[in-house]
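Taking it in order: structure first as structure tokens, then the write-up.
2 protein chains.
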Amino acid sequence: MSPIPNARVLFNFHPESYPIPGETTVYDTTKTIDLQSVPLNGGFLIKTLVLSIDPFLRYRMNRGADDRVGGFQIGAPLDGFGIGVVLRSETPEVQVGEYVYGITIIFQEYTVYPALDQLQILKKHPELPLSAYLGAAGMTGQTAYLGWKAYADAKPGEVAFVTTGAGAVGSIVIQLAKQAGMKVIASAGSEAKVEFMRSLGADVAFNYKTTDTRAILEKEGPINVFWDHIGGEITDAGIEYAAEGARILKFPLISLKSLHIHGIFVPPLLQIPGYRDEFYEVMPRKLVSGEIKHVEDLTTGLDQVGEVMLAVLKGTNKGKAVVVVAEE
Amino acid sequence: MSPIPNARVLFNFHPESYPIPGETTVYDTTKTIDLQSVPLNGGFLIKTLVLSIDPFLRYRMNRGADDRVGGFQIGAPLDGFGIGVVLRSETPEVQVGEYVYGITIIFQEYTVYPALDQLQILKKHPELPLSAYLGAAGMTGQTAYLGWKAYADAKPGEVAFVTTGAGAVGSIVIQLAKQAGMKVIASAGSEAKVEFMRSLGADVAFNYKTTDTRAILEKEGPINVFWDHIGGEITDAGIEYAAEGARILKFPLISLKSLHIHGIFVPPLLQIPGYRDEFYEVMPRKLVSGEIKHVEDLTTGLDQVGEVMLAVLKGTNKGKAVVVVAEE
Chain A
1 MSPIPNARVL FNFHPESYPI PGETTVYDTT KTIDLQSVPL NGGFLIKTLV
51 LSIDPFLRYR MNRGADDRVG GFQIGAPLDG FGIGVVLRSE TPEVQVGEYV
101 YGITIIFQEY TVYPALDQLQ ILKKHPELPL SAYLGAAGMT GQTAYLGWKA
151 YADAKPGEVA FVTTGAGAVG SIVIQLAKQA GMKVIASAGS EAKVEFMRSL
201 GADVAFNYKT TDTRAILEKE GPINVFWDHI GGEITDAGIE YAAEGARILK
251 FPLISLKSLH IHGIFVPPLL QIPGYRDEFY EVMPRKLVSG EIKHVEDLTT
301 GLDQVGEVML AVLKGTNKGK AVVVVAEE
Chain L
1 MSPIPNARVL FNFHPESYPI PGETTVYDTT KTIDLQSVPL NGGFLIKTLV
51 LSIDPFLRYR MNRGADDRVG GFQIGAPLDG FGIGVVLRSE TPEVQVGEYV
101 YGITIIFQEY TVYPALDQLQ ILKKHPELPL SAYLGAAGMT GQTAYLGWKA
151 YADAKPGEVA FVTTGAGAVG SIVIQLAKQA GMKVIASAGS EAKVEFMRSL
201 GADVAFNYKT TDTRAILEKE GPINVFWDHI GGEITDAGIE YAAEGARILK
251 FPLISLKSLH IHGIFVPPLL QIPGYRDEFY EVMPRKLVSG EIKHVEDLTT
301 GLDQVGEVML AVLKGTNKGK AVVVVAEE
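Put into structure tokens, the structure is as follows:
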């Protein structure tokens with residue numbers, strides 16, 4: 001058998017904003033490969049079948065993106081999450097006909113790998129297309145399914161709030177929440193997406209661009225599980241309308257973290273046995289000794305209340321504002 | 001003894017923005033009281049000594065502020081957190097000369113209360129001024145001290161990040177964190193406040209208006225305890241640079257809540273025993289059966305990678321984007 005073309009997608013330059021097809025990346029057909037005689041050197045040869053296209057690829061195109069995030073090299077092919085089928089193998093790790101998948105699949109038609117390394121064998125369900133293993137049965141699905149399994153602690157009758165509910169991850173989370181017997185509130189940014197979320201079973205689906213999130217959560221909450229894909233203002237709203245003991249699942253994060261968030265409100269803290277007594281035993285003593293410093297802004301005269309309040313609201317007071325009405 | 005003036009501060013109308021001293025609230029001296037003969041009817045008479053002036057008072061002035069938040073009544077005196085000394089008593093609950101404090105102190109010079117009810121007896125430290133019991137030894141201090149005690153789980157050598165660190169609460173939190181042996185990062189909105197935070201012992205004090213919070217946290221973090229007084233963007237930054245297992249103490253909140261926040265990142269989840277196997281056993285089956293629906297956006301041809309990436313970045317893809325390079 002003679003050499004055949006081995007097309008690939010090369011990285012050509014660092015884009016400033018959107019990558020330009022054919023310029024930022026170039027489809028290159030100059031290389032060839034002889035599938036029967038290409039040396040494997042103890043490795044294996046695959047035919048690339050499907051490739052996942054994710055926003056993270058753009059990040060790897062940035063000037064200065066380093067090895068840590070897999071910055072692309074100019075002139076070299078892209079790589080990413082994909083699946084190939086094994087055509088030849090010189091390693092017992094991999095058999096001909098098996099599928100291999102992973103995040104180091106080269107964006108070219110045929111590739112020789114020296115070892116499985118970061119790739120893995122895929123045991124494919126006979127009725128599920130390979131492409132699904134890049135999405136709902138791949139990283140996307142793992143984010144939803146494993147994140148939910150690890151942290152949601154879902155209970156029937158509880159309320160879930162799913163942001164970006166029409167996205168690849170959020171749409172699975174809506175279904176997992178429904179299947180766990182929860183009431184599901186879901187948000188997205190268009191009417192079409194709202195309809196899609198309803199079709200997935202969301203009990204309350206709304207467009208966050210035209211509907212006030214807080215008003216929805218006030219009416220439909222409090223929420224027990226909060227799938228927070230967005231951050232910022234909507235995180236605050238979710239926390240505000242979270243039920244005691246709620247679980248907030250935050251995605252994406254740069255690393256896996258479990259954090260504990262506690263709202264502080266004094267009256268119930270004072271009910272915890274020993275808390276009030278300890279405070280009044282310890283704090284005055286530390287203030288007197290100077291171990292803890294504090295700053296007061298004292299104003300004398302009940303007639304000054306209006307002025308002091310104005311100062312407090314404008315933030316011009318220097319320390320805790322107190323009106324001294326009278327000496328004993 | 002004859003009647004003497006009993007001045008008070010009346011609520012006059014609902015302000016639109018800042019309250020105007022003398023208009024929104026009126027200092028009224030038309031009432032008198034005879035301290036010796038005013039009937040107590042089984043209650044007690046106090047002389048008001050100090051009053052706390054807090055932003056919450058403004059909230060209570062709003063039109064529509066109801067009983068739940070203690071909305072002020074037009075024509076009636078203000079009330080709030082304060083301390084008085086008992087001049088006469090007909091109840092064994094309270095002795096003459098004792099201090100009473102609480103959130104229902106009327107903003108007038110002398111008041112008869114029918115019972116202690118929501119007020120409490122204050123056991124004052126002989127060397128600490130009463131005013132301190134409205135601040136560092138009062139609600140402000142309780143917020144800092146009890147919130148910290150309940151949730152910070154501070155360990156020597158760990159890192160704390162305190163926002164609004166020059167405020168009445170934050171300034172105490174900085175000191176509690178230092179005394180727990182932590183490294184303290186603190187933020188505020190002016191150079192003077194930065195200096196003040198340094199004087200309290202903050203190891204890293206910065207002006208968030210002129211300094212990038214993320215850059216500071218990147219350099220000085222990760223953070224183990226996050227005293228989050230602000231919300232929004234800074235919450236995201238704090239979460240991003242939080243250490244595994246970090247505690248986020250959020251103040252103010254409308255109610256006491258303990259929430260658990262989990263960042264979701266797939267690779268470590270796949271390392272949890274059983275997780276990977278379960279996913280590949282369950283998810284493909286559910287996708288095949290249709291129990292979980294998913295949406296794919298397939299494009300055929302390796303030469304389409306650039307176009308598909310552009311679609312993904314612009315959000316015009318309809319479902320998980322996959323490039324099909326070849327059939328088997």
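Protein chains in written order, with full-length UniProt numbering: chain A, 1 to 328; chain L, 1 to 328.
All C-beta atoms in this analysis are idealised placements derived from N, C-alpha and C, irrespective of residue type, glycine included.
- In this structure, DSSP gives residue 268 of chain L a helical state, which the three-state scheme calls helix.
- Taken in chain order, the members of the stretch 190-205 of chain L whose beta-carbon sits within less than 7 angstroms of a beta-carbon on chain A are 200.
- Beta-bridge analysis with DSSP links residue 71 of chain L to no other residue.
- For residue 122 of chain L, the beta-bridge partners assigned by DSSP are L:99.
- When the beta-carbon positions are compared, residue 284 of chain A and residue 137 of chain L come within less than 8 angstroms of each other.
- Those residues of the stretch 156-189 of chain L placed with their C-beta closer than 8 angstroms to a C-beta in chain A are 168, 171, 172, 175, 176, 179, ordered along the chain.
- Residues of chain L whose Cβ lies closer than 9 angstroms to the Cβ of residue 70 of chain A do not exist; the shortest such Cβ separation is about 13 angstroms.
- At a Cβ-Cβ threshold of 8 angstroms, residue 143 of chain L and residue 266 of chain A count as neighbours.
- Within the stretch 97-118 of chain L, the residues whose Cβ lies closer than 8 angstroms to any Cβ of chain A are, in chain order, 107, 108, 109.
- Only buried fits residue 171 of chain L, as 16 or more other CB atoms lie within 10 angstroms of its CB.
- For residue 14 of chain L, the nearest beta carbon of chain A is not closer than 8 angstroms to its own beta carbon.
- Non-local beta-carbon contacts of residue 302 of chain L in its own chain, meaning distances under 7 angstroms to residues more than five positions away in sequence, involve 323, 325 in chain order.
- Listed by position along chain A, the residues whose Cβ is nearer than 9 angstroms to that of residue 142 of chain L are 266, 269, 270, 275, 276, 279, 283.
- The beta-carbon of residue 2 of chain A is placed no less than 8 angstroms from the nearest beta-carbon of chain L.
- Residue environment analysis places residue 63 of chain A among the exposed positions, since fewer than 16 neighbouring C-beta atoms fall within 10 angstroms of its C-beta.
- DSSP, reduced to helix, strand and coil, places residue 180 of chain L outside both helices and strands of the structure shown, so it counts as coil.
- Take residue 243 of chain A, set aside five residues on each side of it, and the residues of its chain with a beta-carbon closer than 7 angstroms to its own are 222, 223, 224, in chain order.
- A distance below 8 angstroms separates the beta carbons of residue 250 of chain L and residue 239 of chain A.
- Counting only the Cα atoms, residue 28 of chain A lies some 43 angstroms from residue 150 of chain A.
- Using a CB distance cut-off of 8 angstroms, residue 25 of chain L counts as an interface residue toward chain A.
- Residue contact check for residue 218 of chain A against chain L: no CB pair falls below 8 angstroms.
- Judged by pairs of C-beta atoms under 8 angstroms, the stretch 11-22 of chain A does not touch the stretch 269-285 of chain L, as fewer than three such pairs exist.
- In this structure, the CA atom of residue 49 of chain L is about 8 angstroms from the CA atom of residue 82 of chain L.
- Beta-carbon to beta-carbon, residue 45 of chain L and residue 112 of chain L are separated by about 5 angstroms, close enough to satisfy the 8 angstroms threshold.
- For residue 5 of chain L, the three-state secondary structure derived from DSSP is strand.
- With a 10 Å radius around the Cβ and a threshold of 16 neighbouring Cβ atoms, residue 52 of chain A comes out buried.
- Contact of residue 209 of chain A with chain L is not assigned, every C-beta pair being separated by 8 angstroms or more.
- By the Cβ-count criterion, residue 270 of chain L is exposed, with fewer than 16 other Cβ atoms from all chains shown falling within 10 Å of its own Cβ.
- What residue 44 of chain L touches in chain A, judged by beta-carbon distance under 8 angstroms, is nothing: the nearest beta carbon there is about 16 angstroms away.
- When C-alpha distances from residue 182 of chain A are compared across A:155, A:70, A:169, the shortest belongs to A:155.
- Close to residue 308 of chain A, with beta-carbon spacing below 7 angstroms, are these residues of chain L in chain order: 53.
- Counting along the chain, residue 146 of chain L sits inside the alpha helix (DSSP H) bounded by residues 139-151.
- Burial is judged here by how many other beta carbons sit within 10 angstroms of a residue's own beta carbon; residue 115 of chain A has fewer than 16 and is exposed.
- Secondary structure note for residue 223 of chain L: its beta strand (DSSP E) is the uninterrupted segment 223-228.
- Counting along the chain, the unbroken beta strand (DSSP E) around residue 250 of chain A starts and ends at 242-250.
- Using a Cβ-Cβ cut-off of 8 angstroms, residue 58 of chain A counts as an interface residue toward chain L, since at least one Cβ of chain L sits closer than that to its own.
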